[in-house]
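Only one structure is covered here, and it is reproduced in the block below.
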Amino acid sequence: MALIEAAGIHVRFGDRVVLESIDLAVPEGEFHGLMGPNGAGKTTFFNVLTGRVKPSRGSIRLDGRDVTGLSSHRIAAHGVARSFQIMTLFDEFSARENVTVGLPAFRARGFDMRHAAANDSGFARSAMEILATVGLADKADIRARDLSYGDRRALEIAVALAQGPRVLCLDEPTSGLGSDGVQRLAALVGRLKGKLTIVAIEHDMEFLFALADRISVIHWGQVVARGTPHELQQNEWVKRSNLGRFA
Amino acid sequence: MAAPLLALDRVRKVYTRGRIVRRPTFTLEADLVIDAPAIIGVVGPNGAGKTTLFEMMTGSNVPSAGHVYVAGTDIHRVKYRERDRLAIHYHQSYQVRRFRKLVPSAFLQASPTAAPMVHLFDEPQFNLQDGYIGFMLDFFRKLRAEGRLVVLCLHPTASWHLEILAEISEQFLLVADGGVTRQPDFRTLVKEPRFRNYLGPEMTRHAESLAGPA
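Right, dumping it as structure tokens:
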């Protein structure tokens, strides 16, 4: 059984149908890429997956449990973490504090405990481990606002990892990164791959084709093609396009 | 025997101008039956009525006369919110479903099918660089294999648009001069003077080379 099972997801806003019918099954540990033209419905599908939009029809199952229509924090409690296209960091906090605030054990104690708790050795150790995973161990005490763009992206992923998720949803993780940043991010995602299930919306095809186990192409609110990067590249029109370069 | 997927029964659409003396400014007539699943290319000059034709097929534009049957059901007699379970109209990358509500939904019938049987793609945005063309064409083939009717409207402005039409379409509808005529294959379409006129000399030469020797 797949860890994520979306079936017949249909979303309409008034007259406009954004998702016609999306089926997606992602087994545990898979890195599943989502690609498609702008306006195809990828982000809306993410919003359904993470509980921010309730589908008009269809269902989402996580590890066999029906989570359709649950609020985003309840879905997060089921182990789904998400990084956004727009950054959602606390700029005045250090990298370590940003991660600490994301730790479920810390959140359970309440936010007013911030200063005392941030120094608590248990939290500090967990936060440092996570920062090490994303390559920010030596920048733990730098305020988020003073980090470079690439480091902020990595910190965002660290905050998502602080939840201890089973599923990590990445919404255009490479957006705004230069080629060095993309390489660093690819190395990070490569380290996370297999340890948790990753679903990523991505426009950088080189990134996606190098890392994803399977890719779903979304267009017209439907999955128009799905396969391994190798399978998708067999298509003659794909060979003629820029995508053909990544074969 | 199952009803044909799509039947336009003596359909006529007239747009008029003037409140007292009504002068027709646009007329489109269509009378055709498509029995089996297929991928059909729709071509014709701008303003000939391709979009009007699509709107009538999907139930968003009521014909002045005649009936549109999708899978045996008059789509203009189906509840507004359920018409997309019979036929879907994709305009570029979006689907917009706007229906003039002339009759309350309560007086209309339910859709007999849960998933749309007719898919109309109105000028999908094809881009040679991103490779999505291949995925889109495979999607059309998948829908056809599932027993659906795929109708693709394409306004060829580049030679590879003609390649797409020739590769994917099994038959064609030429919308021109107020009528809709059926063309059994690409080669026949290319011989049609109204199509050649619409393409212009350079694109016509390319279409001929795709159609192969006569």
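Line by line, the protein sequences are chains A and B. For the first sequence, counting from 1, position 14 maps to 14 in the working numbering; every step adds exactly one. For the second sequence, counting from 1, position 22 maps to 22 in the working numbering; every step adds exactly one. Don't be surprised by glycine CBs; every beta carbon is placed ideally from N, CA and C.
- Looking at the backbone, the Cα of ASP15(A) and that of ASP180(A) are separated by about 43 angstroms.
- Within chain B, TYR132 and PHE135 have C-beta atoms less than 8 angstroms from the C-beta of VAL217(A), given in sequence order.
- Of all residues in the region 218 to 238 of chain A, only HIS219, TRP220, GLY221, GLN222, VAL224, ALA225, LEU232, ASN235, GLU236, TRP237 and VAL238 place a beta-carbon less than 8 angstroms from a beta-carbon of chain B.
- CA-CA distance, THR157(B) to HIS206(B), rounds to 12 angstroms.
- With fewer than 16 neighbouring CB atoms inside 10 Å of its own CB, PHE13(A) falls in the exposed class.
- Shown here for GLU170(B): same chain residues with a beta carbon closer than 8 angstroms to its own, the five before and five after excluded, namely ALA38, ILE39, ILE40 and ASP185 in chain order.
- The secondary-structure analysis by DSSP pairs GLY41(B) across a beta bridge with LEU152(B) and PHE172(B).
- For LEU128(B), the nearest beta carbon of chain A is closer than 8 angstroms to its own beta carbon.
- In this structure, the CA atom of HIS203(A) is about 11 angstroms from the CA atom of LYS42(A).
- Rounded to the nearest angstrom, the gap between the Cα atoms of ARG65(A) and GLU5(A) is 9 angstroms.
- For LYS50(B), there is no enclosing beta strand (DSSP E); the residue is found in the alpha helix (DSSP H) stretching over 50 to 58.
- The straight-line gap separating the alpha-carbon atoms of ASP213(A) and GLY131(B) is approximately 19 angstroms.
- With a cutoff of 8 angstroms on beta-carbon distance, ARG194(B) and ALA176(B) are scored as near each other.
- Inclusion of GLY227(A) and ARG184(A) in the CB contact set at 8 angstroms is not warranted, their separation being larger than that value.
- Residue range 179 to 192 is occupied by the alpha helix (DSSP H) that includes SER179(A).
- Within chain B, the residues whose beta carbon sits less than 9 angstroms from that of PRO37(A) are SER93, GLN125, ASN127, ASP130 and TYR132, listed in sequence order.
- Put simply, the backbone Cα of VAL150(B) is about 6 angstroms away from that of LEU120(B).
- The straight-line gap separating the alpha-carbon atoms of LEU161(A) and ILE9(A) is approximately 27 angstroms.
- Residue SER111(B) holds the alpha-carbon nearest to the alpha-carbon of ASP84(B) among ARG77(B), GLY66(B), SER111(B) and ASP74(B).
- Contact check for ILE215(A) against MET35(A) passes: the beta carbons are separated by less than 8 angstroms.
- Against chain A, the beta carbon of PHE139(B) has neighbours under 9 angstroms at VAL217, HIS219, TRP220, GLN222, VAL223, VAL224 and ALA225, listed in chain order.
- Setting aside the 5 residues that flank it on each side, GLY194(A) is surrounded in the same chain by GLY29, each with a C-beta closer than 6 angstroms to its C-beta; the list follows chain order.
- Against chain A, the CB of ARG85(B) has no partner CB under 8 angstroms away; the residue lies outside that interface.
- The Cβ neighbour count for ARG245(A), taken over all protein chains shown within 10 Å, is under 16; the residue is labelled exposed.
- By the Cβ-count criterion, ILE20(B) is exposed, with fewer than 16 other Cβ atoms from all chains shown falling within 10 Å of its own Cβ.
- For the C-beta of ARG57(A), not a single chain B residue is nearer than 9 angstroms; the gap to the nearest is close to 10 angstroms.
- Put simply, the CB of LEU136(A) is far from chain B, with every gap to its CB atoms at 8 angstroms or more.
- Burial state of GLN129(B) is exposed, judged by a 10 Å Cβ sphere holding fewer than 16 other Cβ atoms.
- Of all alpha-carbon atoms in GLY33(A), VAL18(A), ASP91(A) and VAL17(A), the one lying nearest the alpha-carbon of ILE201(A) is that of GLY33(A).
- A residue is called buried once 16 or more other Cβ atoms fall within 10 Å of its Cβ, and ASN235(A) is buried on that count.
- The beta carbon of ARG81(B) sits closer than 8 angstroms to the beta carbons of SER105 from its chain, once the five residues preceding and following it are set aside; these are given in chain order.
- Per the C-alpha coordinates, the member of ALA105(A), LEU62(A), PHE90(A) and ALA40(A) positioned closest to ALA2(A) is LEU62(A).
- Between TRP237(A) and the set GLU163(B), TYR198(B), LEU108(B) and PRO201(B), the nearest pair of CA atoms involves GLU163(B).
- Taking C-beta separations shorter than 6 angstroms and ignoring five residues to either side along the sequence, the partners of ALA81(A) in its chain run ALA160, GLN163, PRO165 and LEU168, following chain order.
- Among the residues facing chain A, ARG144(B) is not included, as its CB has no counterpart in that chain under 8 angstroms away.
- Within 9 angstroms of the CB of TYR80(B), no CB atom of chain A is found; the nearest one sits about 10 angstroms away.
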